[in-house]
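**Student:** All letters in the sequence shown, in the order written, are residues 1 to 904 by our numbering. The beta-carbon is built from N, C-alpha and C at its ideal position, and this holds for glycine as well. One structure, pasted below without further comment.
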Amino acid sequence: MPERIVVSFRGTAALSQPDSTDAVTPWAGRRGAPRAAVSPSRHRSAPRDAGAAARGEETYLARALALKKRAEALGATLCAWSAQTFSFEFTPEDIEEAVLLAALAAEDSAVHPDARFAAGIAQGEMTYVGEAGRFTALSWGQPLLVAVMLARIALPGDVLLDPALPAVLSGELMTLGLHRGIDGARRVRGLRLDAQQPLRRQVVESVARLCKPPLLGRDGELAELAVPPGSLAVVRAEAGAGGSRLLLELLRLLSPSHSLFVAPIGASREPFGALRRALARAAPRTEKARARAPVLPDRLQPALARLLAGEGVEPWTAAEVLAAWLAPSGARFGLLAVDDAAEIDAVSLDAIAIAMEMGTGLRAVVRLGRSDPLPAPLTAITPAAAVTLGPLPAASAQDLVRRLLDGCIDEAGARRWAARAPAFPLALRELLCEALESGVLRWIGRSVAPRRRSAGRGRPARTMTGAELAAPPAFRPIEGRLRLLAVDPRTILTALATLGGDASDAAIDALCDGTSAPKVASLAPALLGAGWAFRPEPGWLKLSSRTLRDALLAAVPPGERAAWHLAAARVVEEHAGVLGLADAAWHAAKAGDRRSAAELAARAARAAGDALLESSAAELLAFADEQETAREHRLDEAPDSTSSQPPTFRTPIEVVGDAPDPERGPPADERAGPDAPRAASDSAARARRPSSASPDAARGGTLPAPRPDDHLAALAYEAPAGLLDATSLDAVHSLGDASGDPLAKTSESPVLSMNDIAVRLAELAKQALVQGDLRTLERLVGELRRTGEHADLVERMSGLVSLGRGAKDDALRRFRVAAEVEASPAQRARALLAYGVALAAAGRTEGALLEGLSALARAREADDRRGEQACARFLAQLAAATGHEDAARAWAQVARLAGAALPS
């Protein structure tokens, strides 16, 4: 017995000669009076005489026969016919045709509303009875009974669906609520089909009608960001607050001579990856806009070609290319917008920082998260302006909802939906997209209204978890949209997210080669229309937001993440340049393929060395050594792919403790010559980026693999002697004003004061630190905390304990908090130096160098010779450990001079 979809229609047929038979007579009421006919129509203004309407230009039979022809054209077969009902059957694959037939009959505008057909749809097994013609095959079965009963209780113009219909259960059909009735002695209920938008794909298509409104509620922030030439502005914004849109609007308003929009690309491991992609996109965009393309000197043309080819150049040359590209034109200056700067590769930021120091008037606007620190390469530039984007005002949020919906929603509806999500632009847009795709909102013509009166009211259906509350505001509606998305487009989006959210069609197709997903070109129009992605350049696809990327990656089952990363490593290796192999190595490491990760990283390191990118080469070699060591010792662990942020691999700081005291040499400022300005800029660039050992030294094994238990010993070794050895711990740890306590000095005190106890505990803690006794140090710090004394010392000691335990994030947080506390210059010097040592122990040499320099400046401001000596010794050994012998000798000389000036 084949399964069929049955569509039954019930019409209104009137007797042409009612007086010719006694079989039909008016039904008398309880008191003998004839009962007035009551029309079941919902249209109150419609005439009550439905029979008169039926006797119009078309009779019941004529309309039924016309419907029969239409059904046959759609592939249906007539399976039953009675006086006022008739039914057709379709194959299960023809659900759209069956729904279309019923919807057209229900919405026939040429027929009076009270005279329209009522329809019912059910599905199940049918039994063949007999054939009466080419398009007629009499059948019987339960679906026929259900469909006829639904048609009988339906009002004219309504289509009722069996709640058990598979297309209803899958959400393929859109409904308008439940309708109940009685057919004979049976209670019947059905779901009312939305005859104007019966199919979900029609509802999804309404998302493409969303408009792109102008930037709203940010006029004050835009005014503050009109920075003068040669300055830096910082925009802090949560994910979805409109930071990227603000940057684009700023590029339009300021009318620069030339502009460049730099954003993260791939896994952010490729040196110059972000800058390369930005330059590659800027040239075609300039030509399309018929603007005057930047004219580069002939000597920079080869460097630009190498950058675009992914081969790289030294940072100074890249900065020259950038400065020439954004050179001023008359009174107009160039403008550089950096989006998600915390994810931009450090080498690109180095080039940006150097270009801003060349005196060409280049302006830059950098967007960061609310809590992201300014990237180290840019810290030497004092921001001229800083703004923070918060939620939109209520009026702006409501206006945004109305503009997104093209003014098709009323004031009350806009107010209702604006209150359903945090007042961030992306959250509001994604909420409306989810409401449209799920059918909660109905967009017909120029009207947007809830499909049910209760939609959009009240609080969320359930209490959000802590993780959901901590997620970006748009994360939850994006998750809801992804649950409604079909498998093929979701696979394409997941592949794009795995590649960083911005990739070429060829790379996406290659990554999806082992899946059933079609080519990107066939699905791109639907993805673009639904707002999932956009075209940043021909042949490329980019996700609409970083929040969407994070949501897609979080939705990948843990067991499938390694496979995605392994495939991505192969795709990136095939499609990227030689420096792009750093991204491939990162993907291979995330997949657990450490051998491939080491090989790819080594190849990328060689390319970085050829481009004179010593820092990148050393980092990549250290990463390759780490992967090779882990593979040899079978320390493979399941990588945590839940985070979209690539991990940072830095040169281990343990070498700081093992470095010999550098030999004495001439101070750096005594060097002079024609290349002095460039040497000074190179030195400044090295101060902004991580110092690292030479490739040969790293490959030769002078950079030992980090051991979790060695961090404390490294901190207590000779390198930060001014901080940690027994003779100078007092100066660096700042025991506070213990000397001011009279009870701490007098020998006549009958009992020990609390300050005296705290001083003794602090001494014991310092001894434990120097000896590397982590357990004793932790216990003493706990005792010292209970005394309530020396809070700054307790905080730094606690950070050392956390660092020794391997909790790097917690340790660095403690040291950073201590370093940001307002205090005297001497105390700030000690706190900054402690933070720098902790950063070095965590392998973050870039930040360690910057904090060490800041500590040195504070110590000199306070005329603290002991602190200056400690800072200089730390910088000397840090430079020696990372292969900069000249700088190490210079810092050692500074330390010796500071030590000679100490009072005897």
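Counting beta carbon pairs with one atom in the stretch 471-484 and one in the stretch 232-242, are three or more of them shorter than 8 Å?
**Tutor:** Enough Cβ pairs lie closer than 8 Å, so yes.
**Student:** For residue 590, which beta-bridge partners are listed by DSSP?
**Tutor:** Mapped onto the sequence shown, residue 590 falls at position 590. In DSSP, residue 590 forms no bridge with anything.
**Student:** Closest by CA to residue 297, which one among 325, 309, 306 and 315?
**Tutor:** Residue 297 sits at position 297 when you count from the first residue of the sequence shown. Nearest option by C-alpha distance: 325.
**Student:** Figure out for me which residue from 578, 897, 842 and 503 has the closest Cα to the Cα of residue 313.
**Tutor:** Walking along the sequence shown from the start, residue 313 turns up at place 313. With distances taken between Cα atoms, residue 313 lies closest to 578.
**Student:** Could you tell me whether the Cβ atoms of residue 120 and residue 154 are closer together than 8 Å?
**Tutor:** The sequence position of residue 120 within the sequence shown is 120, counting from 1. The sequence position of residue 154 within the sequence shown is 154, counting from 1. Cβ distance < 8 Å, so residue 120 and residue 154 count as in contact.
**Student:** By alpha-carbon positions, which one of 339, 127 and 249 ends up nearest to residue 368?
**Tutor:** By one-based count along the sequence shown, residue 368 stands at place 368. Here the closest residue by C-alpha is 339.
**Student:** Taking the DSSP output, what are the residues bridged to residue 183?
**Tutor:** Taking the first residue of the sequence shown as position 1, residue 183 is located at position 183. Looking at the DSSP assignment, residue 183 forms a beta bridge with 186.
**Student:** Per DSSP, which residues does residue 85 bridge with? Please list them.
**Tutor:** Taking the sequence shown and counting its residues from 1, the one referred to as residue 85 is at position 85. Residue 85 pairs with 10.
**Student:** Looking only at C-alpha atoms, which of 624, 829, 539 and 882 sits nearest to residue 597?
**Tutor:** For this step, residue 597 is matched to residue 597 along the sequence shown. Of 624, 829, 539 and 882, the residue nearest in Cα terms is 624.
**Student:** Pick out whichever of 442, 159 and 395 has its Cα sitting closest to the Cα of residue 425.
**Tutor:** Translated into positions along the sequence shown, residue 425 becomes position 425. Of 442, 159 and 395, the residue nearest in Cα terms is 395.
**Student:** Am I right that residue 421 and residue 392 are in contact with their C-beta atoms under 8 Å? What's the rounded C-beta distance?
**Tutor:** What you label residue 421 is simply residue 421 of the sequence shown in a count that begins at 1. What you label residue 392 is simply residue 392 of the sequence shown in a count that begins at 1. Actually they do not touch by this definition, with Cβ atoms about 11 Å apart.
**Student:** Need the endpoints of the beta strand (DSSP E) that residue 125 sits in, please.
**Tutor:** Stepping through the sequence shown from its first residue, residue 125 is reached at position 125. Run containing residue 125: 118-125, per the beta strand (DSSP E) assignment.
**Student:** What residue does the alpha helix (DSSP H) around residue 308 start on, and which one ends it?
**Tutor:** One-based indexing of the sequence shown puts residue 308 at position 308. Taken as a continuous stretch (DSSP letters only), the alpha helix (DSSP H) holding residue 308 covers 301-308.
**Student:** If we count the other Cβ atoms within 10 Å of its Cβ and call it buried at 16 or more, is residue 57 buried or exposed?
**Tutor:** As a position in the sequence shown, residue 57 is number 57, starting the count at 1. Confidence at residue 57 is low in this model, with a pLDDT of 40, below 50, so the placement of that residue should be treated as unreliable; the coordinate-derived value is given next. Exposed is the call here.
**Student:** Between 214, 836, 376 and 488, which has its C-alpha nearest residue 515's C-alpha?
**Tutor:** Stepping through the sequence shown from its first residue, residue 515 is reached at position 515. If we check each option's Cα against that of residue 515, 488 comes out closest.
**Student:** Which residue wins for smallest C-alpha separation from residue 613, given the options 198, 81, 271 and 142?
**Tutor:** The count along the sequence shown starts at 1 and reaches residue 613 at position 613. Comparing Cα-Cα distances from residue 613 to each of 198, 81, 271 and 142, the minimum goes to 271.
**Student:** Run through the DSSP bridge pairs and tell me what residue 905 is partnered with.
**Tutor:** As shown, the chain starts at 1 and ends at 904. That puts residue 905 outside it, with no answer to give.
**Student:** Taking only beta-carbon positions, decide if residue 213 is within less than 8 Å of chain B.
**Tutor:** The structure shown contains no chain B; it holds only a single protein chain.
**Student:** Does the stretch 329-349 come close enough to the stretch 250-263 to have 3 or more Cβ pairs within less than 8 Å?
**Tutor:** At 8 Å Cβ cutoff, the stretches touch.
**Student:** By DSSP's criteria, residue 261 is part of a beta bridge. Which residues make up the other side?
**Tutor:** As a first step, residue 261 is located in the sequence shown; it is residue number 261 there, counting from the start. Beta-bridge pairing links residue 261 to 337.
**Student:** What is the DSSP secondary structure of residue 444, counted as helix, strand or coil?
**Tutor:** What you label residue 444 is simply residue 444 of the sequence shown in a count that begins at 1. Of the three classes helix, strand and coil, the one that applies to residue 444 here is strand, per DSSP.
**Student:** In terms of alpha-carbon separation, which member of 849, 491 and 881 lies closest to residue 518?
**Tutor:** Counting from one through the sequence shown, the residue named residue 518 turns up at place 518. The shortest Cα separation from residue 518 among 849, 491 and 881 belongs to 491.
**Student:** Among 242, 886 and 890, which one has its Cα closest to the Cα of residue 545?
**Tutor:** Residue 545 sits at position 545 when you count from the first residue of the sequence shown. Answer by Cα proximity: 242.
**Student:** Take residue 281 and list the residues in its own chain whose beta-carbon comes closer than 7 Å to its own, dropping the five residues that flank it on each side.
**Tutor:** For the purposes of this step, residue 281 is taken as residue 281 along the sequence shown, with counting starting at 1. Taken in chain order, the residues that qualify are 536 and 537.
**Student:** In the stretch 519-554, which residue ranges form an unbroken beta strand (DSSP E) of at least 3 residues, counting only runs that do not cross its ends?
**Tutor:** Runs of the beta strand (DSSP E) inside the stretch 519-554: 540-543.
**Student:** Please classify residue 110 as buried or exposed, where buried requires at least 16 other C-beta atoms within 10 Å of its C-beta.
**Tutor:** The count along the sequence shown starts at 1 and reaches residue 110 at position 110. The residue in question, residue 110, is exposed, as its Cβ has fewer than 16 Cβ neighbours within 10 Å.
**Student:** Could you say if the stretch 493-508 and the stretch 170-183 meet the contact criterion of at least three C-beta pairs nearer than 8 Å?
**Tutor:** The stretch 493-508 is not in contact with the stretch 170-183.
**Student:** Could you pull the start and end residues of the beta strand (DSSP E) that residue 388 belongs to?
**Tutor:** Here residue 388 is taken as the residue at index 388 of the sequence shown, counted from 1. Looking at the DSSP string, the run of the beta strand (DSSP E) that includes residue 388 is 383-389.
**Student:** Scan the stretch 186-251 and note each continuous beta strand (DSSP E) run of 3 residues or more that stays entirely inside, going in chain order.
**Tutor:** DSSP runs (the beta strand (DSSP E)) wholly in the stretch 186-251: 186-193 and 232-237.
**Student:** Sorted by chain position, which residues of the same chain lie with C-beta nearer than 7 Å to residue 534's C-beta, five sequence neighbours on each side aside?
**Tutor:** Taking the sequence shown and counting its residues from 1, the one referred to as residue 534 is at position 534. Within the same chain, residue 534 has close Cβ partners 528, 542 and 544.
**Student:** In the DSSP assignment, find the unbroken beta strand (DSSP E) run with residue 365 in it and report its ends.
**Tutor:** Position 365 of the sequence shown, counted from the first residue, corresponds to residue 365. Residue 365 -> beta strand (DSSP E) spans 363-368.
**Student:** Can you give the Cα-Cα distance for residue 816 and residue 365, rounded to whole angstroms?
**Tutor:** On the sequence shown, position 816 is the one that residue 816 refers to. On the sequence shown, position 365 is the one that residue 365 refers to. Roughly 25 Å separates the two Cα atoms.
**Student:** Can you look up residue 2 in the DSSP assignment and give me helix, strand or coil?
**Tutor:** Looking up residue 2 in the sequence shown gives position 2. Note: residue 2 maps to coil in three-state DSSP.
**Student:** If you compare alpha carbons, which of 138, 531 and 195 is closest to residue 82?
**Tutor:** Here residue 82 refers to the residue found at position 82 of the sequence shown. Measuring from the Cα of residue 82, the nearest candidate turns out to be 138.
**Student:** Can you give me the start and stop residues for the alpha helix (DSSP H) that residue 399 sits inside?
**Tutor:** The count along the sequence shown starts at 1 and reaches residue 399 at position 399. Per DSSP, residue 399 belongs to the alpha helix (DSSP H) from 394-404.
**Student:** In terms of alpha-carbon separation, which member of 846, 407 and 225 lies closest to residue 251?
**Tutor:** In the sequence shown, the residue the question calls residue 251 occupies position 251. Of the candidates 846, 407 and 225, the one whose C-alpha sits nearest the C-alpha of residue 251 is 225.
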